[in-house]
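Inspection log for the structure reproduced underneath, given as structure tokens.
Number of protein chains: 2
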Amino acid sequence: MKFTMNRAVFINELSVVQRAIPSKSTIPILSGLKMVLTDEGLALTGSNGDISIETFLSSQNEKADMTIESTGSIVLQAKFFGEIVRKLPDNHFSFEVLDNLQVKINSGTAEFVVNGLSSDNYPHLPIIEEQNQLKLPARVLNKIINETVFSVSMHESRPILTGVHFTLENGVLTAVATDSHRLSQRQIMMPSSTESFDIVVPGKSLTELSKSFADEEEMVEINIMENQVLFRTENMNFYSRLLEGKYPDTKRLIPTAFETEVEFHVPSLMAAIDRASLLSHEGRNNIVKLSVESDKVTIYGNSPEIGNVQEDLSFNKISGQPLDISFNPDYMKAALKAFGAIDINIRFISPIRPFTLEPTDTEISFVQLITPVRTS
Amino acid sequence: MKFTMNRAVFINELSVVQRAIPSKSTIPILSGLKMVLTDEGLALTGSNGDISIETFLSSQNEKADMTIESTGSIVLQAKFFGEIVRKLPDNHFSFEVLDNLQVKINSGTAEFVVNGLSSDNYPHLPIIEEQNQLKLPARVLNKIINETVFSVSMHESRPILTGVHFTLENGVLTAVATDSHRLSQRQIMMPSSTESFDIVVPGKSLTELSKSFADEEEMVEINIMENQVLFRTENMNFYSRLLEGKYPDTKRLIPTAFETEVEFHVPSLMAAIDRASLLSHEGRNNIVKLSVESDKVTIYGNSPEIGNVQEDLSFNKISGQPLDISFNPDYMKAALKAFGAIDINIRFISPIRPFTLEPTDTEISFVQLITPVRTS
Numbered sequence: 070m071k072f073t074m075n076r077a078v079f080i081n082e083l084s085v086v087q088r089a090i091p092s093k094s095t096i097p098i099l100s101g102l103k104m105v106l107t108d109e110g111l112a113l114t115g116s117n118g119d120i121s122i123e124t125f126l127s128s129q130n131e132k133a134d135m136t137i138e139s140t141g142s143i144v145l146q147a148k149f150f151g152e153i154v155r156k157l158p159d160n161h162f163s164f165e166v167l168d169n170l171q172v173k174i175n176s177g178t179a180e181f182v183v184n185g186l187s188s189d190n191y192p193h194l195p196i197i198e199e200q201n202q203l204k205l206p207a208r209v210l211n212k213i214i215n216e217t218v219f220s221v222s223m224h225e226s227r228p229i230l231t232g233v234h235f236t237l238e239n240g241v242l243t244a245v246a247t248d249s250h251r252l253s254q255r256q257i258m259m260p261s262s263t264e265s266f267d268i269v270v271p272g273k274s275l276t277e278l279s280k281s282f283a284d285e286e287e288m289v290e291i292n293i294m295e296n297q298v299l300f301r302t303e304n305m306n307f308y309s310r311l312l313e314g315k316y317p318d319t320k321r322l323i324p325t326a327f328e329t330e331v332e333f334h335v336p337s338l339m340a341a342i343d344r345a346s347l348l349s350h351e352g353r354n355n356i357v358k359l360s361v362e363s364d365k366v367t368i369y370g371n372s373p374e375i376g377n378v379q380e381d382l383s384f385n386k387i388s389g390q391p392l393d394i395s396f397n398p399d400y401m402k403a404a405l406k407a408f409g410a411i412d413i414n415i416r417f418i419s420p421i422r423p424f425t426l427e428p429t430d431t432e433i434s435f436v437q438l439i440t441p442v443r444t445s
Numbered sequence: 070m071k072f073t074m075n076r077a078v079f080i081n082e083l084s085v086v087q088r089a090i091p092s093k094s095t096i097p098i099l100s101g102l103k104m105v106l107t108d109e110g111l112a113l114t115g116s117n118g119d120i121s122i123e124t125f126l127s128s129q130n131e132k133a134d135m136t137i138e139s140t141g142s143i144v145l146q147a148k149f150f151g152e153i154v155r156k157l158p159d160n161h162f163s164f165e166v167l168d169n170l171q172v173k174i175n176s177g178t179a180e181f182v183v184n185g186l187s188s189d190n191y192p193h194l195p196i197i198e199e200q201n202q203l204k205l206p207a208r209v210l211n212k213i214i215n216e217t218v219f220s221v222s223m224h225e226s227r228p229i230l231t232g233v234h235f236t237l238e239n240g241v242l243t244a245v246a247t248d249s250h251r252l253s254q255r256q257i258m259m260p261s262s263t264e265s266f267d268i269v270v271p272g273k274s275l276t277e278l279s280k281s282f283a284d285e286e287e288m289v290e291i292n293i294m295e296n297q298v299l300f301r302t303e304n305m306n307f308y309s310r311l312l313e314g315k316y317p318d319t320k321r322l323i324p325t326a327f328e329t330e331v332e333f334h335v336p337s338l339m340a341a342i343d344r345a346s347l348l349s350h351e352g353r354n355n356i357v358k359l360s361v362e363s364d365k366v367t368i369y370g371n372s373p374e375i376g377n378v379q380e381d382l383s384f385n386k387i388s389g390q391p392l393d394i395s396f397n398p399d400y401m402k403a404a405l406k407a408f409g410a411i412d413i414n415i416r417f418i419s420p421i422r423p424f425t426l427e428p429t430d431t432e433i434s435f436v437q438l439i440t441p442v443r444t445s
């Protein structure tokens, strides 16, 4: 295996694959980068056992400016090899596998010789069985992920809740995440889709996936296998294991009738919640209180040691019954962040029932649920 | 104590003083910000016991747009008060000390009430006895600090070495730092100065000081007291304790005769040392080897587990005897960083004697010393 190529292009590929590679692993070969060179081009693979990323750089890619002298494969310690390539002096570098799995890297007058491992020992990736395909732009997939993934549970006590529940049925793609204190549900119309599926993807995989796309407009093909999902773009295969088990039925959790409704502009509500949470964070319970009257909405926060805060909120509209309700401001901040700078309706039933947040634009099927905190 | 003022101007002052305030302290009042309001203006004070910073904002400052209703003083928990002021909604805020040392802060529709402490319990700062004055621009002082402070010792085994030794004598200001493995000495001519002093300032104080100036061109007045030094600008008093004890005589450590001399351009040498240190960092000893021949300079780094590197260095000139010498590349990188993008001479006596680095521009009196590592 021997080639020369443009260093910046290689670093770009490597950066994508390195997302999957742990800097330390109990399985030493998993801290390695697998490189396979054929006449068609260079394939890089990285994996942490849960997610695996594979990229392919064509030998015809002009920017890569690749010269292949001989093909082959090798596994290199990813962290060091990455640092070495990033610090080489020249625009190009050459790469040659010597005897004993050693690799010689030259660039300018610098010459590195580093120890490699045989690619025969690298774990095999799942075989793709083109089924349950769904195609959507990276931008849309990223949006769905960012609108739900923050609500997954961080606790392994109910492992299924650490994932996002994706279902495709009757041309509707639904993503739901809940940690049992709050819930985010986003739906997207997929009118051309006749397939159906029901999977739970680990939140961590989705967070990495959303950072891995080269271009927001590129198309992502979703292939679902036995216990794996593959997100495939033109130059990248992103595999994640699926969570096993049945995701709870969340449809019945979302209330449809309300007693009180307030319309807010998200950025101004966000700033006020942020201020109120300054003091609640210091209290034992981390709660703020919202008081809705017929013509006024006030937020209260306090910490016995530091002090207290109150602020009259600006709002667009109020309707329904007066109400006092207490909640964790961090759940509210995360929910508001997912909406961006839009107008939303917050709808309440009673101080002890979950309340919902939804865009005023009814074209957007996005609902968030927050469970209040009972105060005596 | 009651006033209103521009929030951005206040935050600016607070940021300077907060450098000195620890977020947690075994002496609770030291995690507080002391505020003293007189008809002349607002003084803020913060201290961690080692360093103390005092700023003064005149009531005549137009940008501050201060309205003083009543004067007084208070101590507030600095971290929270800082976060509160930074997050307030309006351009201005009002501040009022209520009964029981509570403070009411209003801005827009937000109202905070926070608990304060009596300023009577705040420690007194040293009294300034205008003596041993030296004046120089912040830019020059910052440069001297950045050229030496990285060489102070991080270990408390010899506390005096954790400081920078400043002496003023016969119109020459000398700053020296050494951790006994390397040394940095910078001298500046002060022809108009007739004073003399000999002090050791803690490295940590100098690092904070160098970040505290509002303007690189403002003049700094240095006043030395019994066991304190005061760096004074128009609007800031920065106090630091001095280290007690006698600083070792470092003059005799700097050699004056050499066997081998190589001239380098700093940025290219830096990049090569950086590459070589990639592998040496993984070895047990963290050393790189430099080999000087009559027409070639080569650097070598290796790690038994990862591999090795060698690189022919670009240089301007070589003179003297061939030599192989090993050293810690991190000391070399720190020394090179302090020079910036200039040309330097590195001068060697033997593989076991300290070598020096100096600018080729002999107008700059700046010498660095690195002790090599003996290899068998």
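These protein sequences, in sequence, are chains A and B. For the first sequence, the residue numbers in the working numbering are 70 to 445. For the second sequence, the residue numbers in the working numbering are 70 to 445. Even glycine gets a Cβ: it sits at the ideal position worked out from N, Cα and C. Only a predicted model underlies this, so the values are computations on that prediction, with no experimental measurement involved.
Assumed close pair residue i, residue j - CB separation to whole angstroms, cut-off 8 angstroms
i      : j      : result
E290/B : Q202/B : 6 angstroms
E123/B : M259/B : Actually they are not in contact, since the Cβ atoms of E123/B and M259/B sit about 26 angstroms apart, beyond 8 angstroms.
L311/A : Q297/A : 6 angstroms
A404/A : L382/A : Between L382/A and A404/A the Cβ distance is about 16 angstroms, and since that is not below 8 angstroms, they are no contact.
V366/B : V331/B : 6 angstroms
CB contact check: residue i to chain B, cutoff 7 angstroms
i      : result
Q87/A  : no
N354/A : no
R76/A  : no
F125/A : no
D364/A : no
I120/A : no
L452/A : Since the displayed chain A opens at 70 and closes at 445, residue 452/A lies outside it and no answer follows.
F149/A : yes
T243/A : no
V144/A : no
Test item: CB-CB of residue i and residue j under 7 angstroms
i      : j      : result
I387/A : P420/A : no
F333/B : F384/B : yes
G151/B : S128/B : no
P423/A : S346/A : no
P391/A : E362/A : yes
R76/B  : F149/B : no
I98/A  : L186/A : yes
D248/B : S279/B : no
E380/B : A179/A : yes
A488/B : E216/B : Nothing in the structure corresponds to residue 488/B, since chain B is present only between 70 and 445.
A89/B  : I120/B : yes
E138/B : K71/B  : yes
V182/B : G376/A : yes
Secondary structure of residue i, DSSP reduced to three states
i      : result
D134/A : coil
K173/A : strand
P195/B : coil
T73/B  : strand
S395/B : strand
E238/A : strand
D430/B : coil
I411/B : coil
L186/A : strand
L438/B : strand
Any C-beta of chain A under 7 angstroms from that of residue i
i      : result
D381/B : yes
I153/B : yes
I454/B : The structure shown does not extend to residue 454/B, since chain B is modelled only from 70 to 445, so the question has no answer here.
E332/B : no
K156/B : yes
F181/B : yes
V378/B : yes
D168/B : no
Residue i beta carbon near the ligand GDP (any heavy atom closer than 6 angstroms)
i      : result
N385/B : The model on display carries no ligand, and the ligand GDP is accordingly not part of it.
Q: Starting from the N-terminal side, write out each stretch of the alpha helix (DSSP H) that is 4 residues or longer and does not extend beyond the region 249–311 of chain B.
A: 272–281
Q.
I'd like the ranges of any beta strand (DSSP E) spanning at least 3 consecutive residues and lying wholly in the region 305–391 of chain B.
A. 305–310, 329–334, 357–361, 366–372, 376–381 and 386–389
Q: Counting only runs of 4+ residues fully inside the region 79–162 of chain B, write out the alpha helix (DSSP H) ranges in chain order.
A: 147–156
Q. Fully enclosed by the region 199–234 of chain A, which alpha helix (DSSP H) runs are 4 residues long or longer?
A. 207–217
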